[in-house]
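Trainee: Here's a structure for you.
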Amino acid sequence: MQKPLLRIPYTGPLPPPTIIPRNANTLIGAIAALSNFLTAPPSPSLRDSAGDPHSTVVLSGAGISVASGLADYRGTNGTYRQNKSYRPIYYHEFLANHEARKRYWARSFLGWPTLHKAKPNQTHFAIKSLGELGLVRSVVTQNVDSFHSIAHPEIPTLELHGYLRALRCVTCHNDLPRESFQDALARLNPAWAAFLAEAIEAGALDTENPDERRAKGMKMNPDGDVDLPDAPYTTFRYPACPHCLANPPIAADGTRTKVEVDHEGAWKPTSTAGVLKPAVVMFGESIASSVKEAAEQAIDGSGRLLVLGTSLATYSAWRLAKRAHERGMPIAILNLGGARGEEAFFSNLPIGQKGESGVRVDMGTDKVLPELLDHLRRIGYAQTHSGNVSRAIDEEHKNSRMFKDMLS
Ligand SMILES: [Zn+2]
């Protein structure tokens, strides 16, 4: 039997990257290298020619959503940096513990308006354009903000760690929209709803930094949590799954489950079913085998891998990069800061390669990708047919020396 693939956070320090090729340490050099990477003919190192070897699969992470105002876990403005005591909830705690769920939903209740008003940024739209040019074939993301599917619904996107836009019942597995759940939380927790309205007004939710939040009048515990004097976590209430409430399912042992709510519809701990969780893969939770296989197929169906805004710190993402490397796919990593085990992906690169076999850029995606698009358009890049290399690319590679001179 295969081992389940768990989502585990990784917070260890990562060494700074070695820039590849060497001139990719400037914006112009980085754009030239990434342009070569994306438009090169299929790599001779590819082990097989499955799928579309001309195309690129994107693997993205939290770094690309920073420009949308969502904190990265690790980056300069990351959650681990800003709030040292931050610790994500683990799946087993969430399932086992009513108190842990109250705390989770209270935090989530306060965090939702920030996520809900956030929008995809230029990185997501640059990926859309790369798709229109026929360069990017699919996306695998670790992000749970759904920005990829909002920005480029036409590019198949696999959400490796699920999504926050919905809730899923742990008993009947039905999905419910997060938005109406927020309304239900507000109704069940009026003191919290009033506090949230005030915090939004004061701008206290625009930062994850506990000190800045306190400065804006948001009272918080040393661990960065809010605990209202009149409404501590212990009194926070959350609704039950409406499907299980209406029709309690039969448990594995053949008995009927019990779903009990208080007079306003809040889930009661005497229940044996009907707990709702976010439709994300929580830390310590395993990724569904169908999702794991779809991610592997996305890698195997492309000729190269473009890693955007992730340190590959989670094993589920890192192993996809490893798989791409083992298939002989050229890899480009565009991420601010080091990436886990990255030297292995760039070992044995041909001497003098200009990006077609591997790229490592230590810059933000929102700085580089829009410029890269401008560059690709300027050189007249356009896809003629799916899977065919257009003449513009051949010209670029034929004239690569002249092209380099124009840039320098
Ligand atoms: Zn249910």
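Going by the UniProt record's numbering, the residue at position 157 of the sequence shown is 157; the numbering climbs one at a time, nothing skipped. Glycine is no exception: its CB is placed at the ideal position from the N, C-alpha and C atoms.
(1) To the nearest angstrom, report how far apart D262 and A288 are at their CA atoms.
(2) How about T171: is its Cβ closer than 7 Å to a heavy atom in ligand 1?
(3) Report buried or exposed for G380, applying the criterion of at least 16 other Cβ atoms within 10 angstroms of its Cβ.
(4) Determine the direct distance from the alpha carbon of T56 to that of F345, and round the result to whole angstroms.
(5) DSSP three-state label for L158, please.
(6) According to DSSP, is L95 helix, strand or coil?
(7) Report the rounded CA-to-CA distance for A197 versus K102, giving the unit in angstroms.
(8) So is the beta-carbon of H243 under 7 Å away from any non-hydrogen atom of ligand 1?
(9) With a CB to CB cut of under 7 Å and the five nearest residues on each side skipped, what residues in its chain are close to S149?
(10) Would DSSP call residue 409 helix, strand or coil?
(11) Classify K277 as helix, strand or coil using the three-state DSSP reduction.
(12) Apply the 10 Å Cβ neighbour rule to I250 and answer buried if 16 or more other Cβ atoms are within range, or exposed otherwise.
(13) Measure the Cβ-Cβ separation of R47 and S302 and say whether it is below 8 Å.
(14) Give a yes or no on contact between the region 117-136 and the region 358-372, applying the rule of three or more CB pairs nearer than 8 Å.
(15) Return helix, strand or coil for T141, following the three-state DSSP convention.
(16) Does the Cβ of G265 lie closer than 7 Å to at least one heavy atom of ligand 1?
(17) Which complete alpha helix (DSSP H) runs does the region 173-217 hold, if anything under 4 residues is left out?
(18) Ligand 1 heavy atoms versus the CB of G274: any closer than 7 Å?
(19) Spatial neighbours of G203 within its chain, please: CB distance less than 8 Å, with the 5 preceding and 5 following residues excluded, ordered by chain position.
(20) When you compare each of A100, I299 and Y315 to I331 by their alpha carbons, which one comes out closest?
(21) Using 8 Å as the threshold, is the region 273-288 in touch with the region 162-177, meaning 3 or more CB pairs across them?
(22) So A166 and P177 are in contact, right, with Cβ under 8 Å, and what is the actual spacing, rounded?
(23) Output the distance between the C-alpha atoms of L27 and G358, rounded to the nearest integer angstrom.
(24) Per DSSP, which residues does F109 bridge with? Please list them.
(25) Comparing C-alpha positions only, which one of A279, Y91, A266 and I200 sits nearest to R7?
(26) What's the call for K117, buried or exposed, on a 16-neighbour Cβ count within 10 Å?
(27) Please name the residue or residues paired with L167 in a DSSP beta bridge.
(28) Let's see if you can read the secondary structure: which residues bound the beta strand (DSSP E) around R89?
(29) Taking one C-beta from the region 336-343 and one from the region 94-110 each time, how about it: are there three or more such pairs within less than 8 Å?
Mentor: In brief:
(1) 33 Å
(2) yes
(3) exposed
(4) 16 Å
(5) strand
(6) helix
(7) 20 Å
(8) yes
(9) T157
(10) As shown, the chain starts at 1 and ends at 408. That puts residue 409 outside it, with no answer to give.
(11) strand
(12) exposed
(13) no
(14) yes
(15) strand
(16) no
(17) 178-188, 190-202 and 210-215
(18) yes
(19) K216
(20) I299
(21) yes
(22) 6 Å
(23) 17 Å
(24) Answer is none; F109 lacks a bridge partner.
(25) Y91
(26) exposed
(27) L176 and P278
(28) For the record, residue 89 in the displayed sequence is Ile; it is not Arg. It is not in any beta strand (DSSP E) - I89 carries neither H nor E in the DSSP assignment.
(29) no
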